[in-house]
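Report on the following structure.
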Amino acid sequence: MSDSERAAELFGQGYNCCQSVFLAFADHYGIDRETALKLSCSFGGGMGRMRQVCGAVSGMALVCGLETGNTDPKNQQVKTENYETMRRLAEAFREANGSIVCGELLGLTEKDKKEEGAAPSLRTAEYYKKRPCKELVRCAAALLEQEFFKNK
Numbered sequence: 066m067s068d069s070e071r072a073a074e075l076f077g078q079g080y081n082c083c084q085s086v087f088l089a090f091a092d093h094y095g096i097d098r099e100t101a102l103k104l105s106c107s108f109g110g111g112m113g114r115m116r117q118v119c120g121a122v123s124g125m126a127l128v129c130g131l132e133t134g135n136t137d138p139k140n141q142q143v144k145t146e147n148y149e150t151m152r153r154l155a156e157a158f159r160e161a162n163g164s165i166v167c168g169e170l171l172g173l174t175e176k177d178k179k180e181e182g183a184a185p186s187l188r189t190a191e192y193y194k195k196r197p198c199k200e201l202v203r204c205a206a207a208l209l210e211q212e213f214f215k216n217k
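Residue numbers for the sequence shown follow my numbering, beginning at 66 and rising by one.
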């Protein structure tokens, strides 16, 4: 199974968008399941269900950091290359889906977002029918596969 298919499957099991993307790739970096899930949990719902940057895009950012992130604060070249890579990934996601913002991807109004609160929606058959999230997760993971794993 590809990482993108695994990410979509994880979303179907009830993990949030960021967890689904990040966990699909965690084994590439020797990150255990529990750590991966905890690390990526708060990015769900556009960061704590505030409907900001899509959790799938945040999952891409976490993987991008593991692949290209810098550890030396004086190394501006590596930091710049990481930011360029992340911007390229985000732009590809935007081109494919119209936005990188959770609330926009879900078609929510400002009123909708204020009324939602922090409690996650129950994962019912109806939830999965009306949400594009499974395909957004699949898209984000496919972009990561293409960027970092096509030759591995």
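Ideal Cβ placement from N, Cα and C applies to all residues, glycine included.
Note that the structure is a prediction, hence the values are computed from the model and not measured.
Run of the alpha helix (DSSP H) containing residue i, from where it starts to where it stops
i, result
"S69", "D68 to G77"
"D177", "E175 to E181"
"K199", "C198 to L209"
"G47", "Any question about residue 47 goes unanswered here, given that the chain covers just 66 to 217."
"M151", "Q141 to N162"
"Y192", "A190 to K195"
"A89", "C82 to A91"
"T100", "R98 to C106"
"L171", "C167 to L171"
Closest residue to residue i among the options (Cα-Cα distance)
i, options, result
"F107", "S123, Y94 and R98", "One point to set straight first is that residue 107 is Ser, not Phe, in the sequence displayed. Per the Cα distances, S123."
"L201", "T174, E169 and A184", "E169"
"S69", "G163, A121 and R188", "A121"
"C129", "E191, M115, T145 and Q117", "T145"
"C198", "R116, M66 and N135", "R116"
"A161", "K176, D177, R203 and E132", "R203"
"E191", "T133, S67 and G77", "G77"
"K195", "L173, G95, L102 and E180", "L173"
beta-carbon residue i near the ligand NAP non-hydrogen atom, thresh 8 Å
i, result
"K215", "Looking at this structure, you won't find the ligand NAP or any other ligand, since it has none at all."
CB-CB length for residue i against residue j, believed under 8 Å
i, j, result
"R98", "A91", "7 Å"
"A183", "R114", "5 Å"
Check whether the stretch 142–160 and the stretch 199–217 are in contact - that is, three or more C-beta pairs closer than 8 Å. In short, these stretches touch, since the Cβ pair count reaches three.
I'd like to know if the stretch 115–133 and the stretch 152–167 are in contact, where contact means that at least 3 CB-CB pairs between them fall below 8 Å. The stretch 115–133 vs the stretch 152–167: in contact.
Flag this pair as touching only if the stretch 80–89 and the stretch 101–119 have three or more C-beta atom pairs under 8 Å; answer yes or no. Verdict: yes, contact present.
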